[in-house]
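*Asks:* Numbering (the UniProt record's numbering), first residue to last: 1 to 109. The C-beta atom is built at its ideal place from N, Cα and C for all residues, glycine as well. Got a structure here, written out as structure tokens. Questions coming.
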């Protein structure tokens, strides 16, 4: 007899290609600078989106830039999702929607 609280369910990303996901539209719907080094990103989605991740565009990445997103590598379940970008080191004066790469399991832009 096992004492598992719940069953283990794993759906690795390479298995997702077996499942059809409709016309999903996910985009950055706005960026607001909240402090000198913090930005709030609003993501808008038309449907559930499996495994979304964000990054800064390569042009912004220099050796002195250090940053993190409050959530990264996540499933979007709601129409609107807010993620915070914090720049901890380096000189970035302004972040726009064009500076962020938004990817999900089937598409990266």
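(1) Excluding the five sequence neighbours on either side, which residues of its own chain have a C-beta within less than 7 Å of the C-beta of residue 1, listed in chain order?
(2) Go ahead and pull the three-state DSSP assignment for residue 102.
(3) Considering Cα atoms alone, identify which of 78, 71, 107 and 67 is closest to residue 92.
(4) I'd like to know if the stretch 28–35 and the stretch 56–71 are in contact, where contact means that at least 3 CB-CB pairs between them fall below 8 Å.
(5) State buried or exposed for residue 95, treating a residue as buried only when at least 16 other CB atoms are found within 10 Å of its CB.
(6) Among all the DSSP beta bridges, which residues are the ones paired with residue 38?
(7) Does DSSP classify residue 77 as helix, strand or coil?
*Replies:* If we stick to the structure as given:
(1) Since pLDDT at residue 1 reaches only 49, below the 50 mark, its modelled position is unreliable, and the value read off the structure follows with that caveat. For residue 1, same chain residues with a beta-carbon under 7 Å away, outside a window of 5 residues either side, do not exist.
(2) DSSP places residue 102 in strand when its eight states are reduced to three.
(3) Of 78, 71, 107 and 67, the residue nearest in Cα terms is 67.
(4) No, the stretch 28–35 does not touch the stretch 56–71.
(5) Per the 10 Å Cβ criterion, buried.
(6) In the DSSP assignment, the residues bridged to residue 38 are 35 and 86.
(7) If DSSP states are grouped into helix, strand and coil, residue 77 belongs with coil.
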